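The sequence shown stops at residue 1243 when you use this note's numbering, and every number in between is there. Glycine included, every Cβ here is placed at the ideal spot set by N, Cα and C. These numbers were taken from a predicted model, which means no experiment stands behind them.
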Amino acid sequence: MSEAVTIAARLLTTALLLMPTASAVCAFDEANYPSKQIRIIVGFAAGGAPDALARIISDRLTQKWGQAVVVENRTGANGNIAMVAVAKFNTFNK
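Written out as structure tokens, the structure is:
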């Protein structure tokens, strides 16, 4: 066997052995999700169709998860203000 095939076989074996561990970790995380309030950021003005749809979805998710789902409207700059708000939130909450 060539060295490349041996390395590929070892990597595949390692990946197959780690799969049950990864799925167990994912199942544990799913059991605890969501652990705090969820925000839906809408890049359009309140009262419009995107806002109404986000509020319908947030009501259903609140009922399903038993956790508050809040809709925030961040209008302006063709959605860039909402995009920056999401990017900053993701950066600071890792």
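Cutoff 8 Å; reference residue i; Cβ partners in own chain excluding five residues on either side
i     : result
V1219 : Q1186, I1187, R1188, I1189, S1207
M1232 : G1192
Residue i versus residue j - alpha carbon distance
i     : j     : result
K1237 : R1223 : 13 Å
V1235 : N1227 : 15 Å
D1200 : S1184 : 24 Å
G1196 : I1230 : 18 Å
W1214 : I1205 : 14 Å
A1198 : E1221 : 14 Å
C-beta atoms of residue i and residue j nearer than 9 Å
i     : j     : result
N1203 : T1211 : Looking at the sequence shown, residue 1203 is not Asn but Ala. Against a cut-off of 9 Å, the Cβ pair of T1211 and A1203 comes out as no contact.
Where residue i sits in the DSSP three-state scheme
i     : result
R1188 : strand
Residues near residue i in its chain [Cβ-Cβ closer than 6 Å; skip 5 each side]
i     : result
A1194 : T1224
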